Amino acid sequence: MPELPEVEVTRLSFADRIAGATVTGVRLGKPLRWPLGLAPQSLVGRRVLGVRRRGKYLLVDLDDGLLLWHLGMSGSLRFSDDRSPPLAHDHFDLDTTQGLLRLNDPRRFGAVVYAPSEQSPEAVKLLGHLGVEPLNGGFDLDTFHQGLRKRTTVIKQVLLGGELVVGVGNIYASEALFLAGIRPTVRAHRLSRPRAEKLRLAIIDVLSRAVAKGGSTLRDFSSAEGKPGYFQLEARVYDRAGEPCRVCGTSIRRIQQGQRSTYYCPTCQKP
DNA sequence: CCATATACCTGGCAGC
DNA sequence: TGCTGCCAGGTATATG
Numbered sequence: 298m299p300e301l302p303e304v305e306v307t308r309l310s311f312a313d314r315i316a317g318a319t320v321t322g323v324r325l326g327k328p329l330r331w332p333l334g335l336a337p338q339s340l341v342g343r344r345v346l347g348v349r350r351r352g353k354y355l356l357v358d359l360d361d362g363l364l365l366w367h368l369g370m371s372g373s374l375r376f377s378d379d380r381s382p383p384l385a386h387d388h389f390d391l392d393t394t395q396g397l398l399r400l401n402d403p404r405r406f407g408a409v410v411y412a413p414s415e416q417s418p419e420a421v422k423l424l425g426h427l428g429v430e431p432l433n434g435g436f437d438l439d440t441f442h443q444g445l446r447k448r449t450t451v452i453k454q455v456l457l458g459g460e461l462v463v464g465v466g467n468i469y470a471s472e473a474l475f476l477a478g479i480r481p482t483v484r485a486h487r488l489s490r491p492r493a494e495k496l497r498l499a500i501i502d503v504l505s506r507a508v509a510k511g512g513s514t515l516r517d518f519s520s521a522e523g524k525p526g527y528f529q530l531e532a533r534v535y536d537r538a539g540e541p542c543r544v545c546g547t548s549i550r551r552i553q554q555g556q557r558s559t560y561y562c563p564t565c566q567k568p
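Residue numbers (the numbering used here): 298 to 568.
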């Protein structure tokens with residue numbers, strides 16, 4: 298589910314409502330990817346200052362430390378006054394004076410990790426290597442192109458890696474490369490500056506539009522208010538293998554890269 | 001250091 | 001129906 302747009306849509310759907318709340322209880326379900334890192338009950342009484350996003354992580358700032366939330370492949374959050382008993386895949390509850398923040402994650406690749414501060418080893422281990430945010434105005438061509446020139450890996454893998462720019466996952470990597478007219482198999486260091494610029498703009502464009510559409514709901518994503526996204530209806534290539542390209546009519550192709558599916562139009566996207 | 005493979009886990013779906 | 005195999009939005013870690 299969750300690439301940058303889905304994580305940002307999630308954040309926007311509950312950040313204002315939880316800000317200022319006091320933690321009243323914590324419940325853990327089955328183990329997630331990583332342990333919380335402190336005794337759950339020690340969070341009780343702390344105040345929630347706000348919610349930020351870094352790449353695909355949500356940072357819930359507390360008056361003492363912060364919680365890093367990652368949605369993995371199948372996670373979604375809900376924030377509401379509904380305190381019904383947890384369902385089978387509800388694996389983390391943060392109860393507060395202003396609502397219950399509940400993580401549902403069938404595959405359990407997600408995590409909630411406590412860190413004393415953003416500079417602490419716990420936080421740096423997860424966030425330290427991340428590249429620039431694409432939607433903050435700090436995603437500049439010079440740095441991006443310089444980074445591409447240092448990598449011989451295929452461009453699709455560089456985008457997924459998140460060390461140059463964060464937030465682009467499997468859906469939006471295929472979509473951005475289509476918009477930029479670049480084959481996913483091109484080696485990063487071979488991209489000219491003009492093509493790097495087309496790609497930079499395509500990434501910003503596709504991620505922004507996806508946030509505006511509420512993200513992509515392929516099977517079960519929804520915001521913390523329970524609303525689905527609609528960007529999947531605008532996908533140009535993702536999950537469209539064998540269907541005609543919306544621009545030129547050529548059959549969309551699916552290939553494997555790094556054990557993941559990649560989709561592209563062999564006519565619109567040049568080697 | 002670099003590039004690629006593996007591991008984690010559950011559920012949905014196509015095909016038989 | 002029920003079984004099997006494949007596929008799925010991520011990423012730290014192991015391996016070559």
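Even for Gly, the Cβ is constructed at its ideal location relative to N, Cα and C.
Everything numeric in this text was worked out from a predicted model, so none of it was measured.
- Taking the Cα of Gly478 as reference, the smallest distance to any Cα among His386, Gly369, Leu498 and Gly322 is reached at Leu498.
- Judged by DSSP in its simplified three-state form, Leu498 adopts helix.
- Note on geometry: alpha-carbon atoms of Val341 and Thr319 lie some 8 Å from one another.
- Beta-bridge annotation (DSSP): His367 is paired with Tyr354 and Ala408.
- Within the DSSP secondary-structure output, Pro541 pairs in a beta bridge with Ser548.
- Listed in chain order, the beta strand (DSSP E) runs fully inside the stretch 392 to 442 are 396 to 401 and 408 to 412, counting runs of at least 3 residues.
- Here Val421 is exposed, its C-beta having fewer than 16 other C-beta atoms within 10 Å.
- Of the residues His442, Asp437 and Leu504, the one whose Cα lies closest to the Cα of Ala470 is Leu504.
- Residues Cys545 and Thr547 of the same chain have their beta carbon placed closer than 6 Å to that of Thr564, with the five preceding and five following residues left out of the count.
- Using a 10 angstroms sphere on the CB of Glu540, the tally of other CB atoms stays under 16, which defines it as exposed.
- With respect to the 7 Å criterion, Leu461 and Gly407 are not classified as neighbours on the basis of their beta carbons.
- Burial state of Ala336 is exposed, judged by a 10 Å Cβ sphere holding fewer than 16 other Cβ atoms.
- Leaving aside the five residues that flank Ile501 on each side, the residues in its chain whose CB is nearer than 7 Å to its CB run, in chain order, Pro431, Leu432 and Phe436.
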